[in-house]
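2 protein chains.
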Amino acid sequence: MQQKVHQLFAEIVDARYPKSGCAACDLRDLWCLPKGLNGDEFLQVDRIINRRKRVKRNEYLYRAGDPFRSVYAMRTGFFKTFITSARGLEHVSGFHMTGELLGMNAICEDKHICNAIALEDSELCEIPFAELEMLGRKIPSLQHHFHKIMSREIFRNQSLAILLSSMSADERLAAFLLNLSQRMGARGYSQTEFQLRMTRGDIGNYLGLKLETISRTLSKFQEEGLISVRNKHLVLNDLTRLRQIAEHTTSGTPGTPT
Amino acid sequence: MQQKVHQLFAEIVDARYPKSGCAACDLRDLWCLPKGLNGDEFLQVDRIINRRKRVKRNEYLYRAGDPFRSVYAMRTGFFKTFITSARGLEHVSGFHMTGELLGMNAICEDKHICNAIALEDSELCEIPFAELEMLGRKIPSLQHHFHKIMSREIFRNQSLAILLSSMSADERLAAFLLNLSQRMGARGYSQTEFQLRMTRGDIGNYLGLKLETISRTLSKFQEEGLISVRNKHLVLNDLTRLRQIAEHTTSGTPGTPT
DNA sequence: CGAGTACTTGAACAGTGTCAAGCTTAGTGG
DNA sequence: CCACTAAGCTTGACACTGTTCAAGTACTCG
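In order, the protein sequence lines correspond to chains H and E.
Letter by letter, the first sequence follows residues 7 to 264 in the numbering used here.
Letter by letter, the second sequence follows residues 7 to 264 in the numbering used here.
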């Protein structure tokens with residue numbers, strides 16, 4: 007329903023405006039900033055965006071300390087963000103994929119506080135923040151949508167903190183795999199078969215576990231038939247049981263009343 | 007310096023406008039929304055705010071599921087926010103004091119996703135969100151300041167996640183106490199002596215530790231002379247050493263080159 | 001003043017971390 | 001295209017931190 011309206015609208019826009027920039031971008035109806043704008047508003051947003059910033063694998067989009075000018079919308083690729091502590095330790099703060107916005111945590115300090123490194127060749131739209139605010143003042147729905155995106159980012163990080171403060175290694179990893187799965191699914195890829203872009207060390211760092219624990223737990227899940235892993239290639243064989251683990255409702259016979 | 011400018015400005019405003027609402031609020035120059043506005047802008051903000059919403063100890067400001075209408079600026083008091091999981095477990099997501107804004111994580115869903123309960127009698131300013139956005143469109147500095155506040159909230163939660171994913175019990179608790187200390191100090195209270203508003207269980211829940219661990223660690227810190235605790239009354243005797251613990255730079259002789 | 005909640009402390013235990021060794025894979029240069 | 005190398009991964013044995021369970025004490029609030 008909603009989907010159909012979007013498609014119809016997309017056709018209208020496509021007919022009126024050249025297929026390029028935001029108008030040509032298949033992300034626009036899903037997560038990206040211009041969601042729900044009319045044709046003219048759309049073009050205004052399009053005009054401030056520097057499209058097709060490319061970042062190759064292992065290159066940085068920005069580093070901690072860089073001045074903050076823009077947020078970045080991911081078109082394709084995969085990113086890891088991390089902070090380097092005073093003692094040189096790396097702390098992975100997130101993994102990011104198509105349609106997500108990077109750099110919002112830098113607004114408060116006017117400079118980036120984490121590093122963003124591409125884990126595969128990636129393409130982004132750079133959105134100068136001052137101009138985004140300016141357009142937000144003209145286009146209420148854009149402003150509100152941006153607030154929702156920031157709010158969701160707060161919620162995400164709170165959820166991560168809760169995961170870290172209350173879940174066991176098994177639960178954390180199951181939740182992590184399901185989160186990846188769900189995000190892949192939402193982007194039209196297989197929910198049950200995909201590549202892990204990051205190393206075991208990265209996963210462990212992110213989940214507050216050691217890489218050995220990640221390796222062991224993956225092996226255990228595999229022995230139990232929940233997943234199949236071979237290097238970075240992952241197949242989720244039993245989403246239901248993974249969900250049970252992630253919600254630690256694993257124990258006892260199903261349906262046991264409390 | 008900055009301080010003096012603020013005072014000067016405050017006097018000018020106080021002379022021109024009646025001492026009430028935001029103009030009378032001693033928070034406005036520090037953390038609150040209207041920071042850095044001129045007199046007229048100030049009044050516009052003041053006009054949309056429903057002042058003096060009172061919430062007594064153990065009462066809720068909002069609950070998960072409540073429709074989201076407003077964010078709340080704390081004038082006085084102390085709040086705990088928490089999520090109740092599917093299985094009825096409580097997950098403390100934060101403690102909040104004077105000048106902080108509550109409810110920003112609700113924007114994305116149009117309803118509150120956590121519960122906010124007062125740990126002492128509190129007073130808040132209710133800020134209807136639609137009107138805040140509307141004013142943001144008129145007053146760029148207000149808009150930008152609000153974005154900074156949200157961005158800081160993202161950063162805070164990322165920092166919490168990093169704490170949870172990488173620090174030991176001692177380090178977590180030391181960091182927690184120092185965080186409280188710093189926030190008390192910033193509000194003009196003693197940095198080294200204050201009341202813990204929350205229970206050991208709440209602290210443990212927030213820090214991903216059990217209440218017994220909090221109790222034991224507080225006792226240990228006390229034995230070592232770092233702090234003095236008696237029930238909820240806390241004195242920090244050695245901020246420097248607490249900081250060393252929180253940054254886990256405790257081991258070895260100080261100044262050892264790497 | 002009494003009851004319930006919050007807190008402290010001990011002892012045994014479990015889950016992860018640490019350390020170590022060997023294996024696999026991907027990337028590099030000949 | 002192959003050999004070499006460094007990085008990434010797996011697995012085992014053991015150590016240690018924090019949890020669990022339990023018992024008792026001390027507050028707080030009605």
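Note that CB positions come from ideal geometry on N, CA and C, so glycine has one too.
Is there at least one Cβ from chain E nearer than 7 Å to H/Y157's Cβ? For this step, residue 157 of chain H is matched to residue 151 along the first sequence. It is worth fixing the name first, because residue 157 of chain H is Ser in this sequence and not Tyr. Closer than 7 Å: yes.
Among the candidates E/T223, E/E137, E/R236 and E/N237, whose CA atom is the shortest distance from the CA of E/L248? Position 242 of the second sequence, counted from the start, is the residue given in the question as residue 248 of chain E. Minimum Cα distance to E/L248 is reached at E/T223.
Since E/L242 sits in a beta bridge, which residues does DSSP pair it with? For the purposes of this step, residue 242 of chain E is taken as the residue at position 236 of the second sequence. Residue pairing from DSSP places E/L242 in a beta bridge opposite E/I233.
Simplified DSSP state of E/E47, which is helix, strand or coil: Residue 47 of chain E sits at position 41 when you count from the first residue of the second sequence. E/E47 falls in the helix class under three-state DSSP.
Assigned secondary structure, H/A181 (DSSP; H/G/I helix, E/B strand, else coil): Sequence index remark: in the first sequence, residue 181 of chain H carries index 175 (1-based). Note: H/A181 maps to helix in three-state DSSP.
Suppose contacts are defined by Cβ-Cβ distances below 7 Å. Is E/F85 in contact with E/A122 by that definition? As a working note, residue 85 of chain E is residue 79 in the second sequence. As a working note, residue 122 of chain E is residue 116 in the second sequence. Yes, they are a contact pair.
Measuring only the C-alpha atoms, how far is E/R81 from E/S171? As a position in the second sequence, residue 81 of chain E is number 75, starting the count at 1. As a position in the second sequence, residue 171 of chain E is number 165, starting the count at 1. Between E/R81 and E/S171, the C-alpha separation is close to 33 Å.
How would you label H/T104, buried or exposed, when you count the other beta carbons within 10 angstroms and need 16 or more for buried? As a first step, residue 104 of chain H must be located in the first sequence, where it is residue number 98. By the neighbour-count rule (16 or more Cβ atoms within 10 Å), H/T104 is buried.
Quick check: is the beta carbon of E/C28 nearer than 7 Å to any beta carbon in chain H? Translated into positions along the second sequence, residue 28 of chain E becomes position 22. Taking Cβ atoms only, chain H never reaches closer than 7 Å to E/C28, which makes this a no.
Quick one: does H/N163 have its CB under 7 Å from some CB of chain E? Position 157 of the first sequence, counted from the first residue, corresponds to residue 163 of chain H. Yes, because at least one Cβ of chain E sits closer than 7 Å to the Cβ of H/N163.
Whether E/E132 touches E/N56 by CB criterion (7 Å): Position 126 of the second sequence, counting from 1, holds the residue named residue 132 of chain E. Position 50 of the second sequence, counting from 1, holds the residue named residue 56 of chain E. Their beta carbons are under 7 Å apart, which means E/E132 touches E/N56 by this criterion.
With a Cβ-Cβ cutoff of 7 Å, do E/E129 and E/R60 count as a contact? Mapped onto the second sequence, residue 129 of chain E falls at position 123. Mapped onto the second sequence, residue 60 of chain E falls at position 54. Contact: yes.
Quick test of the definition: if touching needs 3 or more C-beta pairs under 8 Å, does the segment 139-151 of chain H touch the segment 83-101 of chain E? no
Can you give me the C-alpha to C-alpha distance between H/L169 and H/L183, rounded to a whole angstrom? Residue numbering aside, residue 169 of chain H sits at position 163 when the first sequence is read from its first letter. Residue numbering aside, residue 183 of chain H sits at position 177 when the first sequence is read from its first letter. Distance between the alpha carbons of H/L169 and H/L183 is about 13 Å.
Does the beta-carbon of H/E106 have 16 or more other beta-carbons within 10 angstroms, so that it is buried, or is it exposed? Here residue 106 of chain H refers to the residue found at position 100 of the first sequence. Label assigned to H/E106: buried.
Would you tell me roughly how many angstroms separate the C-alpha atoms of E/G207 and E/Q201, rounded to the nearest one? Along the second sequence, read from residue 1 onward, the residue named residue 207 of chain E stands at position 201. Along the second sequence, read from residue 1 onward, the residue named residue 201 of chain E stands at position 195. Taking the straight line from one Cα to the other gives about 16 Å.
Could you work out which residues of chain H lie near E/R143, taking near to mean beta carbons separated by less than 7 Å? For the purposes of this step, residue 143 of chain E is taken as the residue at position 137 of the second sequence. The contacting residues are R143, P146 and Q149.
Are E/L1 and E/R203 closer than 7 Å when you measure CB to CB? With chain E covering only 7 through 264, there is no way to say anything about residue 1 of chain E.
Please compile the residues from chain H whose C-beta is within a distance smaller than 9 Å of the C-beta of E/K154. What you label residue 154 of chain E is simply residue 148 of the second sequence in a count that begins at 1. I113, C114, E115 and D116, listed in chain order.
Would you mind sorting E/R236 into buried or exposed? The rule is 16 or more other CB atoms within 10 Å of its CB. Along the second sequence, one-based indexing puts residue 236 of chain E at 230. Exposed, by the Cβ-count rule.
How is the alpha helix (DSSP H) around H/P146 delimited, first residue to last? Locating residue 146 of chain H in the first sequence gives position 140, where the first residue counts as 1. Per DSSP, H/P146 belongs to the alpha helix (DSSP H) from P146 to S172.
I'd like the list of long-range same chain contacts for H/K62, defined as Cβ closer than 6 Å, with 5 residues on each side in sequence excluded. Taking the first residue of the first sequence as position 1, residue 62 of chain H is located at position 56. Correct list, in chain order: D127.
Just mark H/Y66 as buried or exposed, buried being the case when its beta carbon has 16 or more other beta carbons within 10 Å. In the first sequence, the residue the question calls residue 66 of chain H occupies position 60. Answer is exposed; the Cβ neighbour count stays below 16.
Taking the alpha carbon of H/L245 as the point to measure from, which residue in H/Y212, H/A180 and H/E229 has its own alpha carbon closest? Within the first sequence, numbered from 1, the residue matching residue 245 of chain H stands at position 239. Taking only the C-alpha atoms, the option nearest H/L245 is H/A180.
Does any C-beta atom of chain H lie closer than 7 Å to the C-beta of E/H102? Taking the second sequence and counting its residues from 1, one reaches residue 102 of chain E at position 96. Answer no: the Cβ-Cβ gap between E/H102 and chain H never drops below 7 Å.
Assuming E/D127 is part of the beta strand (DSSP E), what are its boundary residues? The sequence position of residue 127 of chain E within the second sequence is 121, counting from 1. Looking at the DSSP string, the run of the beta strand (DSSP E) that includes E/D127 is N121 to P134.
Proximal residues, the segment 85-98 of chain H versus chain E, C-beta separation under 7 Å: I89, A92 and H97
Could you run through the segment 165-185 of chain H and flag, in chain order, every residue whose CB is less than 7 Å away from some CB of chain E? L166, A167, I168, L170, S171 and S172
Kindly indicate if chain E contains any beta-carbon less than 7 Å away from that of H/E287. Lying before the first or after the last residue shown, residue 287 of chain H is absent from chain H, which here runs from 7 to 264.
Rounded to whole angstroms, what is the Cα-Cα separation between H/N243 and H/Y195? Here residue 243 of chain H corresponds to residue number 237 of the first sequence, with the count starting at 1. Here residue 195 of chain H corresponds to residue number 189 of the first sequence, with the count starting at 1. Approximately 16 Å between the Cα atoms of the pair.
Say whether chain E places a C-beta atom closer than 7 Å to the C-beta of H/E137. Counted from its first residue, the first sequence places residue 137 of chain H at position 131. At a cut-off of 7 Å between C-beta atoms, H/E137 does not count as an interface residue with respect to chain E.
What's the call for E/T255, buried or exposed, on a 16-neighbour Cβ count within 10 Å? Residue 255 of chain E sits at position 249 when you count from the first residue of the second sequence. E/T255 is exposed by the Cβ-count criterion.
According to DSSP, which residues form a beta bridge with H/K226? For the purposes of this step, residue 226 of chain H is taken as residue 220 along the first sequence, with counting starting at 1. Per DSSP, none; premise fails for H/K226.
Minimum length 4: unbroken alpha helix (DSSP H) runs contained in the segment 81-108 of chain E: none
If you measure from the beta carbon of E/G214 to each beta carbon in chain H, is any gap under 7 Å? Against the second sequence, residue 214 of chain E aligns to sequence position 208. Taking Cβ atoms only, chain H reaches closer than 7 Å to E/G214, which makes this a yes.
Which class does H/E139 belong to by DSSP, given the choice of helix, strand or coil? Within the first sequence, numbered from 1, the residue matching residue 139 of chain H stands at position 133. Of the three classes helix, strand and coil, the one that applies to H/E139 here is helix, per DSSP.
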